[in-house]
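In what follows, a single structure is set out as structure tokens and then discussed.
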């Protein structure tokens, strides 16, 4: 299990081989590959691979959680400010006058302030808090009809959760981790650098955990985490858009005992409909009408998405592109009300004519006379 007091000395991004601005998906992909490549089951008796597997699991336990990753980045950034010494007065802490020297400086005082621990020499490590479940990301594809009305979908999720065998302790059932004899459970040890000043650093024996697992769990190899899959039912709200990202609180990975679950971020893809489109809570449809219907007027039937056709009156002289509104025939709004159906007219011009039709069109042309429908264009150019 990762301890915040380790974070100042460990580069989890390097462990997983990702950049500091890597996405959650990239981090998960890198972790899964490394965990698979170094899993003890694939390298029986290989202690190096087993150690590498533990390091990868530890890194992902932090970077795989949005909340812990944010805290890790903040702590690393803050610690990095002190790597090259302390600004301020002559050799002491910031703004000091040299009254406090590095011989008196104990890094546990600094780390204690950063991580909320006991602080000071000989201070006891605070008890580890139950780990919140990891945030998960997934995708779902729904039909156009489901995007309009809403739907409840089964969704299968895979995540790393507390090992069902050891319940997250990392120890084989029937055994318990013991307190580290070197640091007495504090997770930190104090040493000297060249005999000049004392430095407090993570314990080399327990690696800052304060506990030692003598008999690692055979299921999780001591990491305390194991892959788990489950099926949940997700409610997709009416009116969801293609590509929309929905946050489902508490539907992510399960937290340790007493800790909340993570959240699920679901990206929804909506299939296109062959006829209908959407504009907010309104539906759109383009309807062809014959030349004579547009010229003389007509009453036409227009299909709806989930009900009987609706009648639309097309006035005489209706041009292509004119839109009519059929109220209450659109998508579902909040509160259960319905939007409207927007019907756009497209006047059809026949590609082929019978002799009778041609004669009728020629008669129309003759009746129209010499009026030029494009005359206004030239008038506009003349200004």
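In our numbering, the protein residues as written are 18 to 400.
Using N, Cα and C, we set each Cβ at its ideal position, and we do this for glycine too.
Span of the beta strand (DSSP E), counted from its first residue to its last, around residue i
{"i": "residue 177", "result": "168 to 179"}
{"i": "residue 192", "result": "Looking at the DSSP string, residue 192 is not in any beta strand (DSSP E), and its letter there is neither H nor E."}
{"i": "residue 264", "result": "262 to 265"}
{"i": "residue 245", "result": "242 to 253"}
{"i": "residue 286", "result": "281 to 287"}
{"i": "residue 344", "result": "No beta strand (DSSP E) contains residue 344, which DSSP labels as neither H nor E."}
{"i": "residue 226", "result": "Counting along the chain, residue 226 falls outside any beta strand (DSSP E), and DSSP gives it neither H nor E."}
{"i": "residue 358", "result": "358 to 365"}
{"i": "residue 36", "result": "Where residue 36 is concerned, there is no enclosing beta strand (DSSP E), given that its DSSP letter is neither H nor E."}
{"i": "residue 296", "result": "294 to 296"}
{"i": "residue 328", "result": "327 to 331"}
{"i": "residue 322", "result": "Counting along the chain, residue 322 falls outside any beta strand (DSSP E), and DSSP gives it neither H nor E."}
{"i": "residue 153", "result": "153 to 159"}
Boundaries (first-last residue) of the alpha helix (DSSP H) holding residue i
{"i": "residue 69", "result": "64 to 80"}
{"i": "residue 388", "result": "Per DSSP, residue 388 belongs to no alpha helix (DSSP H) and is neither H nor E."}
{"i": "residue 309", "result": "308 to 313"}
{"i": "residue 52", "result": "41 to 55"}
{"i": "residue 31", "result": "29 to 33"}
From the options, residue whose alpha carbon lies closest to that of residue i
{"i": "residue 234", "options": "254, 184 and 261", "result": "184"}
{"i": "residue 261", "options": "59, 281, 304 and 287", "result": "287"}
{"i": "residue 257", "options": "358, 295, 202 and 196", "result": "295"}
{"i": "residue 401", "options": "285, 175, 356 and 360", "result": "In the structure as shown, the chain starts at 18 and stops at 400, and residue 401 therefore has no counterpart that could be examined."}
{"i": "residue 270", "options": "290, 291 and 246", "result": "246"}
{"i": "residue 173", "options": "181, 201 and 249", "result": "249"}
{"i": "residue 182", "options": "157, 203, 243 and 378", "result": "243"}
{"i": "residue 300", "options": "325, 344, 389 and 396", "result": "344"}
{"i": "residue 28", "options": "399, 90 and 216", "result": "90"}
{"i": "residue 312", "options": "319, 318, 369 and 378", "result": "378"}
{"i": "residue 176", "options": "45, 186 and 383", "result": "45"}
Where residue i falls, given that 16 or more other Cβ within 10 Å makes a residue buried
{"i": "residue 50", "result": "exposed"}
{"i": "residue 79", "result": "buried"}
{"i": "residue 442", "result": "Residue 442 cannot be examined here, being either before or after the span of the chain that is shown, 18 to 400."}
{"i": "residue 342", "result": "exposed"}
{"i": "residue 57", "result": "buried"}
{"i": "residue 230", "result": "buried"}
{"i": "residue 178", "result": "buried"}
{"i": "residue 73", "result": "buried"}
{"i": "residue 137", "result": "Confidence at residue 137 is low in this model, with a pLDDT of 42, below 50, so the placement of that residue should be treated as unreliable; the coordinate-derived value is given next. Residue 137 should be labelled exposed."}
{"i": "residue 53", "result": "exposed"}
{"i": "residue 335", "result": "buried"}
{"i": "residue 75", "result": "buried"}
{"i": "residue 226", "result": "buried"}
{"i": "residue 204", "result": "buried"}
{"i": "residue 107", "result": "Unreliable placement is indicated for residue 107, whose pLDDT of 39 sits below 50; no coordinate value is reported for it."}
{"i": "residue 371", "result": "exposed"}
{"i": "residue 390", "result": "exposed"}
{"i": "residue 292", "result": "exposed"}
{"i": "residue 87", "result": "exposed"}
{"i": "residue 399", "result": "exposed"}
{"i": "residue 351", "result": "exposed"}
{"i": "residue 217", "result": "buried"}
Proximal residues to residue i (C-beta, below 8 Å), its chain only, five neighbours per side dropped
{"i": "residue 71", "result": "238, 239 and 240"}
{"i": "residue 41", "result": "81, 83, 152 and 154"}
{"i": "residue 199", "result": "206, 220, 221, 222 and 223"}
{"i": "residue 259", "result": "164, 285, 286 and 287"}
{"i": "residue 349", "result": "165, 166, 167, 255, 256, 298, 355 and 356"}
{"i": "residue 47", "result": "33, 34, 35 and 39"}
{"i": "residue 324", "result": "346"}
{"i": "residue 100", "result": "Bear in mind that a pLDDT of 45 at residue 100, under 50, signals an unreliable position, so the number given afterwards is only what the model happens to contain. Excluding sequence neighbours, residue 100 sits near nothing in its chain."}
{"i": "residue 228", "result": "194, 195, 196, 197 and 202"}
Chain-order list of residues whose beta-carbon lies under 7 Å from that of residue i (same chain, five-residue window excluded)
{"i": "residue 232", "result": "188, 189 and 192"}
{"i": "residue 337", "result": "362, 363 and 364"}
{"i": "residue 314", "result": "331, 332 and 333"}
{"i": "residue 37", "result": "30"}
{"i": "residue 98", "result": "Reliability of the predicted coordinates at residue 98 is poor, the pLDDT of 42 falling under 50, and the value obtained from them is presented with this limitation in mind. Once the five neighbours on either side are set aside, residue 98 has no close Cβ partner at all."}
{"i": "residue 290", "result": "161"}
{"i": "residue 264", "result": "280 and 282"}
{"i": "residue 32", "result": "72, 73 and 76"}
{"i": "residue 55", "result": "66, 69, 70 and 73"}
{"i": "residue 395", "result": "none"}
{"i": "residue 64", "result": "none"}
Close Cβ partners of residue i (< 6 Å) along its chain, the five nearest in sequence each way excluded
{"i": "residue 346", "result": "321, 327 and 358"}
{"i": "residue 60", "result": "66"}
{"i": "residue 158", "result": "286"}
{"i": "residue 196", "result": "202"}
{"i": "residue 303", "result": "361 and 363"}
Interface flag, residue i vs chain C, CB-CB below 8 Å
{"i": "residue 193", "result": "Protein chains in the displayed structure number just one, and chain C is not present."}
Three Cβ pairs or more, each shorter than 8 Å: is that satisfied between the stretch 164 to 174 and the stretch 242 to 255?
yes
Report yes or no: do three or more beta-carbon pairs, one from the stretch 153 to 164 and one from the stretch 277 to 284, lie closer than 8 Å?
yes
Below 8 Å, can you find three or more Cβ-Cβ pairs linking the stretch 364 to 373 to the stretch 303 to 315?
yes
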